[in-house]
Amino acid sequence: MTVTGIITAIVVGLIIGALARLVLPGRQNISILLTIIVGIVAALIGTALARGLGVADTNGFDWIELVFQVVVAAIGVSIVGSLRGRRR
Numbered sequence: 001m002t003v004t005g006i007i008t009a010i011v012v013g014l015i016i017g018a019l020a021r022l023v024l025p026g027r028q029n030i031s032i033l034l035t036i037i038v039g040i041v042a043a044l045i046g047t048a049l050a051r052g053l054g055v056a057d058t059n060g061f062d063w064i065e066l067v068f069q070v071v072v073a074a075i076g077v078s079i080v081g082s083l084r085g086r087r088r
């Protein structure tokens, strides 16, 4: 993976993680760093799911792939938030 790919993954992870936090109701007790990490992982998993279902490459912007990524990120933020909440 190139430096550009890593920077792109971080930016996409930040955006996907932020969108996931906006979708979830209430307050999430996780740091922005964990949000970015969950967002990066969710972006990769969401892309894999979209490709597996054959909807990753569409004309124009890939809205369906973005929805997959945000849903996976919302699930990830919710799980990480609940795990972090139990520790405190």
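full-length UniProt numbering numbers the first residue of the sequence shown as 1 and each following residue consecutively. Note that beta-carbon positions come from the ideal geometry of N, C-alpha and C, so glycine has one too.
Please work out which residues of its chain come closer than 8 Å, Cβ to Cβ, to residue i, disregarding the five sequence neighbours upstream and downstream, and give them in chain order.
i, result
"Ile10", "Ile36 and Ile40"
Is it the case that the Cβ atoms of residue i and residue j are separated by a distance below 8 Å?
i, j, result
"Val70", "Leu14", "no"
"Val12", "Ala43", "yes"
Taking the alpha-carbon positions, what's the residue i to residue j distance?
i, j, result
"Ile47", "Phe68", "In the sequence as presented, Ile is not what sits at residue 47; that position holds Thr. Going by the C-alpha atoms only, they are around 7 Å apart."
"Arg21", "Leu33", "13 Å"
"Pro25", "Gly81", "12 Å"
"Thr4", "Ile79", "30 Å"
"Gly52", "Ser31", "31 Å"
Taking residue i as the reference, give the member of the options with the closest Cα.
i, options, result
"Leu83", "Leu33, Val55, Gly17 and Asn29", "Asn29"
"Ile45", "Ser31, Val23, Ile16 and Thr4", "Ile16"
Evaluate residue i with the Cβ neighbour count: other Cβ atoms within 10 Å of its Cβ, from every protein chain shown; 16 or more gives buried, anything less gives exposed.
i, result
"Gly76", "buried"
"Val72", "buried"
Quick one: what's got a C-beta closer than 6 Å to residue i's C-beta in the same chain, skipping five residues either side?
i, result
"Val23", "Ala74"
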